[in-house]
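To start, the structure itself, in structure tokens.
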Amino acid sequence: MSTQTSQPAQSTAQRLIIAITGATGAIYGVRLLKHLRALPQIESHLLISDAGALNLHQELALKRKDIEALADVVHSVRDIGASIASGSFQSEGMIVAPCSMKTLAAVAHGLSDNLITRTADVTLKERRRLVLMVRETPFNLAHLRNMTAVTEMGGIIFPPLPSFYNQPSSIEEMVDHSVSRVLDLFKIDNQLAPRWSGLK
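In the numbering used here, the protein residues as written are 5 to 204.
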């Protein structure tokens, strides 16, 4: 599959790369894309692994094309020659939502075996922000060591753990709280979740 593009809302848009891999929690990537779609200043670049597409169907009854329609630009994970594979491609960074343990391991060990892991490697080497929303439980020692390795390289490990102090009333509210925190890491203003203002 070649890179598919639609015209961004404006040429000066900030580029943000989103990858959906085969871990459970496809909803995090979907909600992230939906919120970014409403922000004209953001140009989203999307990657979906084959396992990620399976989870989109299993968990949300969605097809790959349904999610690709939410992005400004779509890349095939097999297109290792895509624009985002180069450090000369400027972006704000990359979010893997959700991030499988396989993808985590590949990033931790510099195995650029597809466009997702290559782009993550580029993000790290260019000292841009890489956020991995890892999904697994419990963690074994290999998982923990891989998370440590990515952290030492400058990446951010962000397990999407729900908070309950805001008394969420739906799954979407719980998901949006994590998505809001991730967007905060990129200084993208959002009102997806209430801000903590202290004990009442």
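Beta carbons: idealized from backbone N, C-alpha and C, even for Gly.
- DSSP, read as helix, strand or coil, puts L196 in coil.
- Around the beta carbon of H49, 16 or more other beta carbons lie within 10 angstroms, which makes this residue buried.
- For S174, the secondary structure class from DSSP, reduced to helix, strand or coil, is coil.
- Around the CB of F168, fewer than 16 other CB atoms lie within 10 Å, so the residue is classed as exposed.
- Counting only runs of 4+ residues, the alpha helix (DSSP H) found wholly inside the region 11–85 occupies 30–41, 54–64, 68–72, in chain order.
- Judged by pairs of C-beta atoms under 8 Å, the region 125–143 does not touch the region 50–67, as fewer than three such pairs exist.
- Rounded to the nearest whole angstrom, the C-alpha separation of R35 and E140 is 19 Å.
- At least 7 Å separates the beta-carbon of T121 from that of L128.
- G26 and Q94 have their C-alpha atoms roughly 26 Å apart.
- Residue pairing for M98: DSSP places it in a beta bridge opposite I21, L134.
- 7 Å or more divides the Cβ of A30 from the Cβ of V100.
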